[in-house]
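So the sequence lines, in the order shown, correspond to chains A and B. Per this note's numbering: the first sequence ends with 200, consecutive numbering throughout. Per this note's numbering: the second sequence ends with 71, consecutive numbering throughout. Yeah, the Cβ is synthetic: ideal placement off N, Cα and C, and Gly gets one too.
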Amino acid sequence: MEQPCDLTIEAPRAWDRPAVTVPVLVCLSLVGGRFPSFSIEANLWTLGTGGVLIWLGLGNRVPRRPAPVRLDRGAVWWTLPVVVFVVFEGATFAAAAGDDFPTFSLLADPLLEDGVIRSAGWLAWLSAFWGLVRR
Amino acid sequence: MMRTLAIGGFLVAVALFVAVELAARREGSRIPTLGEVCAYVMRYEVGSVPVGRIGLFGFWWWLGWHFLAR
């Protein structure tokens, strides 16, 4: 007998569970963390993983969480960290003083040369990307 | 001196991101989480083109390429 629509829920896909997605993201991150900056492998891995996530996110292949129709006024608080970051990034970029007044990228580069930190960076990037795809 | 200023400024910005997110996650908070702000931005469409979604995906893709491949 056919069920009424309001009593049926969409069954989650077998692969769309944390037990599957988390190990996949960890494996992708460990592989990505092995590739040094400016290598062809790092470029291809970034373009490949990002491309697949964009492909998933722009289609209807992954169920999405409902988005808010409007934002509360409290959203204005987000401008505070953004403005502070943009001011310092803009000032350091415009000064072009290298290590004397470094941009965020210059500060991050030596940290990301470590394999463990690089893999952690990959995991953070891919996890946030996956979160965006699900939104 | 200027290097310390830059590091301090970026640390303040990161701390503010964390603080606003924590404030947003309190029960009854009127501040949306960063995920909700992103979801709202991604709703923006011009005609049938999901401009907000394409823009945010493109930005995040570039960010990963910039830090992890360049």
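Taking the Cα positions, E154 (chain A) is about 19 angstroms away from W142 (chain A). V38 (chain B) reaches chain A at L136, A140, W143, counting residues in chain order whose Cβ is nearer than 8 angstroms. Bounds of the alpha helix (DSSP H) holding N108 (chain A) are 105-123.
Taking all protein chains in view, the Cβ of P33 (chain B) is crowded by 16 or more other Cβ atoms within 10 Å, so the residue is classified as buried. The contact set of I119 (chain A) on chain B, defined by CB atoms closer than 7 angstroms, consists of F58, W62 in chain order. Residue A:T157 holds the alpha-carbon nearest to the alpha-carbon of T5 (chain B) among A:L188, A:A185, A:T157, A:G186. Under DSSP, V50 (chain B) forms a beta bridge with B:V47.
Identification of chain A residues near L23 (chain B) by a Cβ-Cβ cut-off of 7 angstroms yields none; the smallest Cβ-Cβ distance measures about 11 angstroms.
Between V149 (chain A) and chain B, the shortest Cβ-Cβ separation is below 9 angstroms. A direct Cα-Cα distance of roughly 7 angstroms separates D164 (chain A) from L171 (chain A).
It is roughly 28 angstroms from the alpha-carbon of A140 (chain A) to the alpha-carbon of W187 (chain A). Put simply, the stretch 21-30 of chain B does not touch the stretch 111-129 of chain A. Fewer than three CB pairs are less than 8 angstroms apart.
DSSP, read as helix, strand or coil, puts R31 (chain B) in coil. Contact of P83 (chain A) with chain B is not assigned, every C-beta pair being separated by 9 angstroms or more. Secondary structure of V127 (chain A) (DSSP, three-state): coil. In the three-state DSSP reduction, G163 (chain A) falls in the helix class (H, G or I).
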